[in-house]
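Enquirer: Numbering (the working numbering), first residue to last: 45 to 462.
Structure provided below as structure tokens; questions to follow.
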Amino acid sequence: MKSIESNLKSTESYTSEKKILPMWFNAWKYEREDSLTTVSLLKTVGYAMASHPRFDTLSKTIFRGLTIVSKDMMQHIAMDVVSKQNSGDDEAIEQKMDYLNKMYRDSVYYEGLDKIKQEMYAIRQEDPECRVVIFIDDLDRCSPAKALEILESIKLFLDIEGFVFVIGLSHKTVTQLISHEYKATGVRGEDYIKKIIQIPIRIPSWSKDSIIDLITSSIAPKLNSDYTKFLCQNSVMVARVVDYNPRQLKRFINNVIIAFETFASKKDSPEIQFNEIFLFKILKSEWPEFYSEFIHNKDFREIVKWMIAKPKDLRKYFKYLKTLTEEHPTEQKNRRISLLHALSTRTNGRIADAQIDILSDFDNDTWIFLDNVKDVLYGIQNWKIVDNVMDVVEEFTYELPIGANKSKAEPKITQTSS
45 MKSIESNLKS
55 TESYTSEKKI
65 LPMWFNAWKY
75 EREDSLTTVS
85 LLKTVGYAMA
95 SHPRFDTLSK
105 TIFRGLTIVS
115 KDMMQHIAMD
125 VVSKQNSGDD
135 EAIEQKMDYL
145 NKMYRDSVYY
155 EGLDKIKQEM
165 YAIRQEDPEC
175 RVVIFIDDLD
185 RCSPAKALEI
195 LESIKLFLDI
205 EGFVFVIGLS
215 HKTVTQLISH
225 EYKATGVRGE
235 DYIKKIIQIP
245 IRIPSWSKDS
255 IIDLITSSIA
265 PKLNSDYTKF
275 LCQNSVMVAR
285 VVDYNPRQLK
295 RFINNVIIAF
305 ETFASKKDSP
315 EIQFNEIFLF
325 KILKSEWPEF
335 YSEFIHNKDF
345 REIVKWMIAK
355 PKDLRKYFKY
365 LKTLTEEHPT
375 EQKNRRISLL
385 HALSTRTNGR
395 IADAQIDILS
405 DFDNDTWIFL
415 DNVKDVLYGI
425 QNWKIVDNVM
435 DVVEEFTYEL
445 PIGANKSKAE
455 PKITQTSS
């Protein structure tokens, strides 16, 4: 969406002729406001139009239309009605009621929208290319009630030519919440969205290769060099851990950097390597049960170390992992468990069924990854310290710009919604 805005601002219609007015409405910022989203949206539009050579007059109309009669005024008039003592009071009250009715007629909920429509029509009569483009991103970050309120607000503009909305949303998430909200009436979210969005553009999902390219070409050059080597060497597994999602990738990297910097900045803190934190973050994110067992069980760590070398005792197991199969994932897991039972004999019963079950989730790529990082994994001197640092990472979500230097990184605790 930023790219669309950038393209708009580079056109002659924007730079010299001022025909296009782009603006952003960050819906989730108004999540906790008591006022209706329609009011917040119109205020955003009005402020953006103010002092604009083509839309300033329309801005004033919008703000007049946002006039809201307070409860105090209503109560005051009501008290006048109740306490009136003579006919003179009737005339005063009638004047107040007439004024009150005029305010309501001019508000956006009555004739105000028609006035906005008429003024926009007049502007476009002079120049049909004049448009107001409103960007609304991350709609699915809002609560279901607020997301629906925003969509209902957009509907007010659907018959006003010249207003264009560019909406960023998760199609699946929003259609589901609409269907749920209108379940009693039988309205389907898919049908609802089709009536609002005229030109849907589905952005392709990020692939493994595109995430790896993002890491090596865009992110790594902006990071402190102390962080980049391990990140680039293990970009394939990092891409997998973040589920090929660029936003999750940013959060993942920020969390690791903050954890390392928070710990390293403490006076007299034991020496710990960034690669160790990064590796443990990968393990804990992708295989939490394995991570827990690995941290707390020395025998299990030794068994995994032995398996990384791909011993002959497990050649059938590793051969199966390399074999392409169309088996259902459940069947694959059961097959792996069966082949891993050789571990019980080889370790004289030191490995439990629960540990075999954990290892049965590993595929060939996992073992390749563990082989690549074995020097870091088994070079850790104090497992407990690294585990404590990881607890700090998991406690909060950090939103920091990628590329923050390690000496300047400061945690910013934010609330996130899924």
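Backbone N, C-alpha and C fix where the C-beta goes; we use that ideal spot for every residue, glycine too.
Given that a residue counts as buried once 16 or more other Cβ atoms are within 10 Å of its Cβ, and exposed if not, what is V231?
Expert: Exposed, since its Cβ has fewer than 16 Cβ neighbours within 10 Å.
Enquirer: Taking the CB atoms as reference points, tell me whether L86 and L65 lie closer together than 8 Å.
Expert: No.
Enquirer: Residues in the same chain with beta-carbon distance under 7 Å from T219, minus the five sequence neighbours each way, listed in chain order, please.
Expert: Excluding residues within five positions, the ones whose Cβ falls inside 7 Å are G233, E234, I237.
Enquirer: How many Å lie between D357 and M351 at the Cα?
Expert: The alpha-carbon atoms of D357 and M351 are separated by roughly 9 Å.
Enquirer: Given this structure, state the Cα-to-Cα distance separating W331 from V280, to the nearest angstrom.
Expert: Answer to the nearest angstrom: the Cα atoms are 16 Å apart.
Enquirer: Where L221 and V286 are concerned, what is the direct C-alpha to C-alpha distance, given to the nearest angstrom?
Expert: Cα-Cα distance, rounded: 25 Å.
Enquirer: Which residues in the same chain have their Cβ closer than 6 Å to the Cβ of F324, if we skip the five residues on either side of it in sequence?
Expert: V430, M434, listed in sequence order.
Enquirer: May I ask which residues mark the beginning and end of the alpha helix (DSSP H) holding V417?
Expert: No alpha helix (DSSP H) holds V417; DSSP gives it neither H nor E.
Enquirer: Once the 5 residues before and after F296 are set aside, which same chain residues still bring their CB inside 6 Å of it?
Expert: Only V286 meet the Cβ criterion.
Enquirer: Could you check where the alpha helix (DSSP H) with R175 kicks off and where it finishes?
Expert: That residue, R175, is in no alpha helix (DSSP H); its beta strand (DSSP E) goes 175-180.
Enquirer: Nearest CA to the CA of E75: which residue from P188, Y91, T105?
Expert: Ranking P188, Y91, T105 by Cα distance to E75 puts P188 first.
Enquirer: Compute the Euclidean distance between the alpha carbons of W68 and P290, then round it to the nearest angstrom.
Expert: C-alpha separation (whole angstroms): 22 Å.
Enquirer: Hey, quick one: how far does the alpha helix (DSSP H) through I106 stretch, first residue to last?
Expert: Where I106 is concerned, the enclosing alpha helix (DSSP H) stretches over 100-109.
Enquirer: Quick one, are the C-beta atoms of Y226 and I255 less than 8 Å apart?
Expert: It is not a contact, given that the beta carbons lie outside the stated cut-off.
Enquirer: Measuring CB to CB, does L327 end up less than 8 Å from Y361?
Expert: Going by C-beta atoms, L327 is not nearer than 8 Å to Y361.
Enquirer: Please state if the CB of A283 and the CB of K239 are separated by a distance shorter than 8 Å.
Expert: No, the Cβ-Cβ distance between K239 and A283 is not below 8 Å.
Enquirer: Can you tell me whether F296 is helix, strand or coil according to DSSP?
Expert: Three-state result, F296: helix.
Enquirer: Which one of E205, H372, L403, F344 has the shortest CA to CA distance from Y422?
Expert: Ranking the options by Cα distance to Y422, first place goes to F344.
Enquirer: Would you mind listing the alpha helix (DSSP H) stretches within the segment 333-418 that are 4+ residues and don't spill past its ends, in chain order?
Expert: As far as the segment 333-418 is concerned, its whole alpha helix (DSSP H) runs of at least 4 residues are 342-352, 359-366, 373-384, 386-390, 397-403, 408-416.
Enquirer: Look at the Cβ atom of I400, then the Cβ atom of L414, and state whether they are nearer than 8 Å.
Expert: Not a contact, by the Cβ cut-off of 8 Å.
Enquirer: Please report the distance separating the alpha-carbon of L336 from that of K266.
Expert: Note on residue identity: the sequence assigns Ser, not Leu, to residue 336. The straight-line gap from Cα to Cα measures roughly 33 Å.
Enquirer: Three or more beta-carbon pairs under 8 Å between the segment 182-199 and the segment 156-171, yes or no?
Expert: The answer is no - the segment 156-171 does not touch the segment 182-199, with fewer than three Cβ pairs under 8 Å.
Enquirer: In the DSSP assignment, the alpha helix (DSSP H) including M281 goes from what residue to what residue?
Expert: From DSSP, the alpha helix (DSSP H) with M281 extends over 279-285.
Enquirer: Put L202 into one of helix, strand or coil per three-state DSSP.
Expert: Three-state DSSP puts L202 in coil, outside helix and strand.
Enquirer: CA-CA distance, P355 and I412?
Expert: For P355 and I412, the distance between alpha carbons rounds to 14 Å.
Enquirer: For D116 and F179, what's the separation of their Cα atoms in angstroms?
Expert: Here the model assigns D116 a pLDDT of 42, short of 50, so the residue's position is not dependable, and the following value carries that caveat. One C-alpha to the other measures close to 36 Å.
Enquirer: Go through its chain and collect everything with a Cβ distance to Q376's Cβ below 6 Å, but skip five positions before and after it.
Expert: There are no such residues.
Enquirer: Using alpha carbons as the reference points, say which of G90, E193, K104, V420 lies closest to W72.
Expert: Measuring from the Cα of W72, the nearest candidate turns out to be E193.
Enquirer: Exposed or buried, which one is N426 when buried takes at least 16 other CB atoms within 10 Å?
Expert: Exposed.
Enquirer: Less than 8 Å between the C-beta atoms of V210 and R175, yes or no?
Expert: Cβ atoms of V210 and R175: not closer than 8 Å.
Enquirer: With 16 as the cutoff for other CB atoms within 10 Å, does A228 come out buried or exposed?
Expert: It is exposed - the Cβ of A228 has fewer than 16 other Cβ atoms within 10 Å.
Enquirer: Just to confirm my understanding: we take S404, look at its own chain, exclude 5 residues before and 5 after, and list those with CB closer than 7 Å. What are they?
Expert: Within the same chain, S404 has close Cβ partners K377, R380, I381, L384.
Enquirer: How many Å lie between L213 and I245 at the Cα?
Expert: Spanning the two alpha carbons is a distance of roughly 11 Å.
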